[in-house]
Amino acid sequence: GENVEQHPSTLSVQEGDSAVIKCTYSDSASNYFPWYKQELGKRPQLIIDIRSNVGEKKDQRIAVTLNKTAKHFSLHITETQPEDSAVYFCAASMEAGTALIFGKGTTLSVSS
Amino acid sequence: GAVVSQHPSWVICKSGTSVKIECRSLDFQATTMFWYRQFPKQSLMLMATSNEGSKATYEQGVEKDKFLINHASLTLSTLTVTSAHPEDSSFYICSARSPGGEQFFGPGTRLTVL
Chain A
11 GENVEQHPST LSVQEGDSAV IKCTYSDSAS NYFPWYKQEL GKRPQLIIDI RSNVGEKKDQ
71 RIAVTLNKTA KHFSLHITET QPEDSAVYFC AASMEAGTAL IFGKGTTLSV SS
Chain B
76 GAVVSQHPSW VICKSGTSVK IECRSLDFQA TTMFWYRQFP KQSLMLMATS NEGSKATYEQ
136 GVEKDKFLIN HASLTLSTLT VTSAHPEDSS FYICSARSPG GEQFFGPGTR LTVL
């Protein structure tokens with residue numbers, strides 16, 4: 011089955027810096043790669059996603075890149091703000107709306 | 076956006092009792108729902124896929140007789156933790172697939188077994 015590895019497990023940056031979180035997956039049949047932000051005790055919130063027919067997607071300060079050949083995808087957050095502090099999870103699935111396999115998460119801390 | 080609710084939001088029970096958690100899609104019909112479990116400071120682990128009108132599909136290592144899933148209608152799936160023990164204490168989160176193919180998460184249920 012699918013296995014998703016995520017690095018780093020923790021990331022501390024200064025406000026205004028960029029943050030990059032990387033994930034790899036094992037199943038070449040996966041075609042959908044979402045990123046979630048989760049605050050303590052709350053549900054995961056989708057922040058951006060990418061499908062296998064696209065190499066990069068951007069939404070304001072957030073971007074995701076996908077290298078399907080190498081089976082890895084990354085989340086880039088620019089101009090980080092303290093409110094970006096949370097746990098971020100990458101995930102992979104066959105297609106949008108199917109069962110998700112999550113990475114172990116990255117705790118991002120943005121200090122002002 | 077679409078709304079998925081869970082009930083209860085938290086529950087404390089004695090060891091050996093059974094606990095039922097409900098997951099509802101409030102404004103769309105969901106033929107497929109998913110159940111995840113999240114231990115403190117860990118990731119979400121897929122437990123099972125719940126399909127309306129048919130048996131759930133369980134992930135490897137998840138005991139189907141212990142975690143009973145019923146998806147009797149297009150807007151409701153239930154997870155029953157039978158004979159709960161302290162090691163079952165966790166955050167249980169459901170998600171529902173909308174007709175458009177998006178997946179929406181419920182707010183989660185925190186289960187504490189004493």
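Protein sequences, first through last, are from chains A and B. Numbering-wise, our numbering comes out as the position in the first sequence, counting from 1, plus 10. Numbering-wise, our numbering comes out as the position in the second sequence, counting from 1, plus 75. Where a beta carbon is used, it is the ideal one built from N, C-alpha and C, also for glycine. Bear in mind the structure is a predicted one, so any value in this text is a computation, not a measurement.
For Pro115(B), which three-state DSSP category applies? coil
Own chain residues within Cβ distance below 6 Å of Ala106(A), not counting five before or after: Tyr42
Contact list for Pro54(A) against chain B, beta-carbon separation under 8 Å: Leu119, Ile168, Phe180
Name the chain A residues that come within less than 7 Å of Glu127(B), Cβ to Cβ? The contacting residues do not exist; Glu127(B) stays about 14 Å from chain A at best.
Going by C-alpha to C-alpha distance, which of Asp37(A), Pro18(A), His17(A) sits closest to Ala80(A)? Asp37(A)
Per-residue DSSP class, three states only, for Glu93(A): helix
Distance between beta carbons of Ser170(B) and Arg52(B), contact taken as under 8 Å: The question about residue 52(B) has no answer, for chain B in this structure spans 76 to 189.
Helix or strand or just coil, what does DSSP make of Pro54(A)? coil
Between the region 87-121 of chain A and chain B, which residues of the former have CB atoms less than 9 Å from a CB of the latter, in chain order? Val97, Phe99, Ala101, Ser103, Glu105, Ala106, Gly107, Thr108, Ala109, Leu110, Ile111, Phe112, Gly113, Lys114, Gly115, Thr117
When you compare each of Ser129(B), Ser125(B), Gly136(B), Thr153(B) to Thr184(B) by their alpha carbons, which one comes out closest? Thr153(B)
Assigned secondary structure, Asp163(B) (DSSP; H/G/I helix, E/B strand, else coil): helix
I'd like to know whether the C-beta atoms of Ile31(A) and Gln16(A) end up nearer to each other than 8 Å. yes
Bridge partners - Arg61(A), DSSP secondary structure assignment: Tyr42(A)
Beta-carbon proximity check, Thr116(A) vs Thr34(A), cutoff 8 Å: no
In terms of residue numbering, what span does the beta strand (DSSP E) encompassing Glu97(B) cover? 94-100
Report the option in Gln135(B), Thr155(B), Phe179(B) whose CA atom is closest to the CA atom of Pro83(B). Thr155(B)
I want to verify the contact list: residues of chain A whose CB lies under 7 Å from the CB of Phe109(B), in sequence order. Ala109
Where does Phe112(A) land, buried or exposed, given buried means 16+ other C-beta within 10 angstroms? buried
Under the DSSP definition of a beta bridge, which residues are partnered with Leu110(A)? Beta-bridge pairing links Leu110(A) to no other residue.
When the Cβ atoms of the region 135-151 of chain B are set against those of the region 114-126 of chain B, are three or more pairs found closer than 8 Å? yes
Within chain A, the residues that Glu177(B) reaches when beta carbons sit closer than 9 Å: Leu56, Ala106, Gly107
Just checking: is the beta-carbon of Arg172(B) within a distance shorter than 8 Å of some beta-carbon in chain A? yes
So what's Asn13(A) in DSSP terms, helix, strand or just coil? coil
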